[in-house]
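Read the structure below first, then the notes.
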Amino acid sequence: QSVLTQPPSVSGAPGQRVTISCTGSNSNIGAGYVVHWYQQLPGTAPKLLIYGNINRPSGVPDRFSGSKSGTSASLAITGLQAEDEANYYCQSYDGGLSSVVFGGGTKLTVL
Amino acid sequence: QLQLQESGPGLVKPSETLSLTCTVSGDSISTSSYYWGWIRQPPGKGLEWIGSIHYSGNTYFNPSLESRVTISVDTSKNQFSLKLSSVTAADTAVYFCARLNYSSGRRVDPWGQGTLATVSS
């Protein structure tokens with residue numbers, strides 16, 4: 852069981868907007884530790900998608916955005932495209948565990 | 027462009043030690059801003075951080091694995107290595123090496139392509 856909780860799956864039609872939640876606690880996200888998001892296409896290594904809660908690395912489309920509130924964070928994807936079909940992971944730090952922690956991952960299906 | 031490449035045996039026997047090496051190219055591993063780490067992913071499952079090392083030798087480990095993990099760095103070869111002892115089938119996973127920015131919330135970027143390590147007799 853992961854320290855950060857994500858829905859196992861989400862889906863949406865092309866062009867739609869989807870959000871993926873990442874729920875933590877007062878020892879990680881709620882303690883002020885930042886959240887990062889990664890996209891993992893099938894058979895490949897994860898790729899940094901959002902860092903520091905809201906920032907996009909160069910090359911990441913602005914269709915991807917991040918937010919954080921309280922003990923949770925969210926990844927939003929607008930204008931859904933077939934190429935967005937992948938697994939998405941959130942990551943933070945847990946001060947109580949003294950450990951880098953990941954969410955369990957969310958599989959995005961583009962219908 | 028910074029690149030990381032994992033190498034090591036793909037098959038390890040139960041109770042033995044899994045050993046992997048990550049070769050860094052495109053930049054020096056002796057950069058004060060970064061740590062270098064290992065993350066694994068069992069087949070069909072999520073990501074688990076194993077541990078991180080600074081070129082100075084300072085290390086951090088996942089408490090759940092700490093008793094079995096050794097991470098070392100060889101700055102002359104621009105490499106860092108992982109040793110996981112007393113392995114069982116539960117340690118079968120794709121092992122990724124990566125750079126971690128501890129000044130920026132420990133974000134992980136970039137990642138190596140990963141190498142599958144299977145524990146089986």
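Keeping their order, the protein sequence lines are chains A and B.
Here the working numbering is used: the first residue of the first sequence is 852, the next is one more, and so on.
Here the working numbering is used: the first residue of the second sequence is 27, the next is one more, and so on.
Where a beta carbon is used, it is the ideal one built from N, C-alpha and C, also for glycine.
Asked                                                                                                                                      : Found
Just verifying my parser: in three-state terms, what is the DSSP assignment at B:Ala143?                                                   : strand
State yes or no: is the beta carbon of A:Phe915 nearer than 8 Å to at least one beta carbon in chain B?                                    : no
If you count every other CB in all the chains shown that lies within 10 Å of the CB of A:Arg868, and 16 or more means buried, which is it? : exposed
Are the C-beta atoms of A:Tyr884 and some chain B residue less than 8 Å apart?                                                             : yes
Going by DSSP, name the residue or residues bridged to A:Ile880.                                                                           : A:Ile880 is not bridged to any residue.
Do you know offhand how far B:Gln105's Cα is from A:Cys941's?                                                                              : 27 Å
Roughly how many angstroms separate the alpha carbons of A:Glu936 and A:Arg914, rounded to a whole number?                                 : 14 Å
Check the Cβ-Cβ distances between B:Leu73 and every residue of chain A, and say whether any is below 8 Å.                                  : yes
Pick out whichever of A:Ala933, A:Leu948, A:Ser925 has its Cα sitting closest to the Cα of A:Gly956.                                       : A:Ser925
Check whether the Cβ atoms of B:Gly138 and A:Ala896 sit closer than 8 Å, and answer yes or no.                                             : yes
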